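Participant: FYI, the working numbering numbers position 28 of the sequence shown as 63, with every residue one higher than the one before it. The C-beta atom is built at its ideal place from N, Cα and C for all residues, glycine as well. Values in this document were obtained by computation on a predicted structure and should not be read as measured data.
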Amino acid sequence: MRTQVAIIGAGPAGLMLGRLLQQAGIDNVILERKSADYVLSRIRAGVLEQGTADLLHKVGVGERVQAEGLPHDGIEMCFDGDLQRIDFTARVGRHVTVYGQTEVTRDLMDARQASGVETVYEADDVALHDIDSDHPHVTWRKDGVTQTLDCDFIAGCDGFHGVSRASVPERALALFDRHYPFGWLGILVEKPPVSEELIYAHHERGFALCSMRSLTRSRYYVQVPEGEKVENWSDDRFWDELRARINPEAAERLQTGPSIEKSIAPLRSFVAEPLRFGSLFLAGDAAHIVPPTGAKGLNLAISDVAMLGAALAEFYGERSKAGLDTYSKRALARIWKAERFSWWMTSLLHTFPETGAFGRRIQRADFDYLCGSVAAQTSLAENYTGLSLD
Ligand code: APR
Ligand code: PHB
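Structure follows, in structure tokens:
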């Protein structure tokens with residue numbers, strides 16, 4: 036088998052890249068380790084930057100996000116019960132859209148299936164070969180039979196635990212990592228959200244987030260210590276803890292109910308540099324992880340592949356390597372800004388075992404500065420709604 040670009044992974048990064056390439060007339064095949072149903076069963080974050088929503092429209096899969104996505108003009112920041120709204124529209128003239136990552140994946144998958152472009156699901160033992168040459172190939176096993184795909188380029192869109200980054204020789208990559216000594220316990224519930232906008236809350240008991248998937252389905256999180264077990268958290272314990280951490284008016288309004296999903300996600304910051312090794316390009320979670328506090332994970336994956344897709348279109352359309360040669364540098368510049376923002380939101384809003392009284396006063400000062408400074412609110416709004424691609 037032969038194609039122009041082999042894409043490893045059918046998450047949002049791989050699927051969006053596939054769509055961009057298809058629209059530019061570039062052949063591509065996606066190889067995904069799991070089944071389509073499994074990919075769609077993963078519950079992930081749900082805030083789209085304006086640029087992400089715009090790109091979904093541009094590639095012709097914007098119908099559902101238009102109909103079902105919830106435009107949000109701001110967020111609430113809460114510190115020990117005190118509230119400050121950050122007005123995105125007033126500060127930067129942009130908004131975000133609340134729409135689940137799972138739905139983005141479904142829209143891209145459906146469009147790909149309808150257009151008949153090949154995706155191999157349940158591809159076992161995907162392996163990358165000759166990535167330091169101009170003639171790489173990929174092998175995998177499907178139903179016990181080994182298959183080979185020759186290609187010009189490989190796009191590693193296979194997430195943090197994928198095979199792509201692991202195929203680059205260790206000496207060719209620099210890894211930057213920050214570990215946070217806590218996780219987020221998340222709950223999904225069939226109840227209307229407590230507030231029209233998201234509430235990000237700092238409290239001495241820990242961080243809390245009130246989010247939503249629709250006007251009838253809510254997503255809530257509380258910070259829990261590293262190593263915490265989900266079995267230790269009955270729904271009642273979760274609701275009590277959430278109420279204790281958010282502002283009293285919201286706590287009073289909160290509509291609780293039985294959880295339909297409950298899980299704990301660890302937090303980390305991670306970047307691998309560079310994003311290119313020979314004919315392999317890394318994008319999305321394969322190259323970087325952000326803690327979820329700034330809602331940047333999905334958006335970064337999409338902005339990476341927007342750049343990579345344009346660079347590949349330039350290569351095939353104009354025979355220019357310029358975009359491919361600068362992809363890593365350009366994407367990393369944007370990635371590090373999102374890493375900084377996510378780290379800052381995480382640092383402001385969580386309690387850290389080592390923070391102490393001095394650290395808490397600094398966090399409070401950071402919050403007070405945000406409340407009193409239009410410049411600080413503009414900075415938050417600019418980053419949250421998404422920096423430009425350049
Ligand atoms: N071979 C083939 N596919 C693989 C392999 C492998 N060895 N390893 C992983 N995959 C697949 C996974 O099953 C998954 O479907 O790659 C896909 C990667 O998708 P995501 O993890 O969703 O990563 P990405 O597309 O970069 O999207 C990033 O996902 O984790 C969230 O917060 C993150 O929102 C961000 C988004
Ligand atoms: C979510 O709705 O799951 C969500 C929203 C905002 C975040 C993280 C997660 O910052």
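(1) Is the Cβ-Cβ distance between E296 and I42 less than 7 Å?
(2) CB of G81 to nearest heavy atom of the ligand PHB: below 6 Å?
(3) So what's K297 in DSSP terms, helix, strand or just coil?
(4) Alpha carbon to alpha carbon, how far is L163 from D62?
(5) Here's the rule: buried if 16 or more other CB atoms are within 10 angstroms of the residue's CB, otherwise exposed. What is N1?
(6) Can you tell me whether Y404 is buried or exposed? The criterion is at least 16 other CB atoms within 10 Å of its CB, across all chains shown.
(7) Going straight from the alpha carbon of V229 to that of L56, what length do you get?
(8) Any idea which residues DSSP pairs F114 with across the strands?
(9) Looking only at DSSP bridge pairs, what is A209 linked to?
(10) So, is D320 buried or exposed, given that buried needs 16 or more other C-beta atoms within 10 angstroms?
(11) Check for me: the beta strand (DSSP E) holding Y255 runs from which residue to which?
(12) Tell me which residues share the same chain as Q39 and place their Cβ nearer than 6 Å to its Cβ, disregarding the 5 neighbours each side in the sequence.
(13) In three-state DSSP terms, what is Y134?
(14) Quick one: is the Cβ of P227 within less than 6 Å of any heavy atom of the ligand APR?
(15) Comparing alpha-carbon positions, which option in Q182, G407, G197, R129 lies nearest G86?
(16) Q148: buried (16+ other C-beta within 10 angstroms of its C-beta) or exposed?
(17) Am I right that G332 and V325 are in contact with their C-beta atoms under 8 Å? What's the rounded C-beta distance?
(18) Output needed for V265: all residues of its chain with C-beta closer than 8 Å, excluding positions within five of it in sequence on either side, in chain order.
(19) Checking 7 Å against the spacing of the C-beta atoms, do G30 and N334 come in under that value?
(20) Exposed or buried, V161, counting other C-beta atoms within 10 Å across all chains shown (16 or more means buried)?
(21) If you draw a straight line from the C-alpha of P18 to the C-alpha of Y256, how long is it?
(22) Need the endpoints of the beta strand (DSSP E) that A410 sits in, please.
(23) Does the beta-carbon of C254, which I'm using as the reference point, lie nearer than 6 Å to any heavy atom of the ligand PHB?
(24) Taking the straight line between their C-alpha atoms, what separation do you get for Q412 and D122?
Facilitator: In short:
(1) For the purposes of this step, residue 296 is taken as residue 261 along the sequence shown, with counting starting at 1. For the purposes of this step, residue 42 is taken as residue 7 along the sequence shown, with counting starting at 1. Contact flag unset, no.
(2) To locate residue 81, count along the sequence shown from 1; it is residue 46. With a cutoff of 6 Å, G81 counts as near the ligand PHB, since its C-beta is closer than that to a heavy atom of the ligand.
(3) By one-based count along the sequence shown, residue 297 stands at place 262. Correct three-state label for K297: strand.
(4) Position 128 of the sequence shown, counted from the start, is the residue given in the question as residue 163. Position 27 of the sequence shown, counted from the start, is the residue given in the question as residue 62. Here the alpha carbons of D62 and L163 stand approximately 18 Å from one another.
(5) Residue 1 is absent from the structure shown; the chain starts at 36 and stops at 425.
(6) Counted from its first residue, the sequence shown places residue 404 at position 369. Result: exposed.
(7) Within the sequence shown, numbered from 1, the residue matching residue 229 stands at position 194. Within the sequence shown, numbered from 1, the residue matching residue 56 stands at position 21. CA-to-CA, the gap between V229 and L56 works out to about 41 Å.
(8) For the purposes of this step, residue 114 is taken as residue 79 along the sequence shown, with counting starting at 1. Within the DSSP bridge table, the entry for F114 names D117, H237 as partners.
(9) Taking the first residue of the sequence shown as position 1, residue 209 is located at position 174. Answer is E308, bridged to A209.
(10) The residue you call residue 320 lines up with position 285 of the sequence shown. With 16 or more Cβ atoms within 10 Å of its Cβ, D320 is classed as buried.
(11) Taking the first residue of the sequence shown as 1, we reach residue 255 at position 220. That run of the beta strand (DSSP E) goes 253-260.
(12) Here residue 39 is taken as the residue at index 4 of the sequence shown, counted from 1. Correct list, in chain order: I61, D62, D187.
(13) To locate residue 134, count along the sequence shown from 1; it is residue 99. Here Y134 sits in coil by DSSP.
(14) For the purposes of this step, residue 227 is taken as the residue at position 192 of the sequence shown. Every heavy atom of the ligand APR is 6 Å or more from the Cβ of P227, so no.
(15) By 1-based counting over the sequence shown, the position of residue 86 is 51. Of the candidates Q182, G407, G197, R129, R129 places its Cα closest to the Cα of G86.
(16) Numbered from its first residue, the sequence shown carries residue 148 at position 113. Burial state of Q148 is exposed, judged by a 10 Å Cβ sphere holding fewer than 16 other Cβ atoms.
(17) The residue labelled residue 332 in the question sits at position 297 within the sequence shown. The residue labelled residue 325 in the question sits at position 290 within the sequence shown. Sure, about 6 Å apart at Cβ, within 8 Å.
(18) Taking the sequence shown and counting its residues from 1, the one referred to as residue 265 is at position 230. L220, K297, S298, I299.
(19) Residue 30 is absent from the model: the chain starts at 36 and stops at 425.
(20) Counted from its first residue, the sequence shown places residue 161 at position 126. Counting the other CB atoms within 10 Å of its CB gives V161 a total of 16 or more, which places it among the buried residues.
(21) The structure shown has nothing for residue 18, since the chain only spans 36 to 425.
(22) Within the sequence shown, the letter at position 375 stands for residue 410. It is not in any beta strand (DSSP E) - A410 instead sits in the alpha helix (DSSP H) that spans 409-420.
(23) If you number the sequence shown from 1, residue 254 lands on position 219. With the sequence shown as reference, residue 254 is identified as Arg, and Cys is not the correct amino acid for it. True, at least one ligand heavy atom lies under 6 Å from that Cβ.
(24) The residue labelled residue 412 in the question sits at position 377 within the sequence shown. The residue labelled residue 122 in the question sits at position 87 within the sequence shown. Put simply, the backbone Cα of Q412 is about 8 Å away from that of D122.
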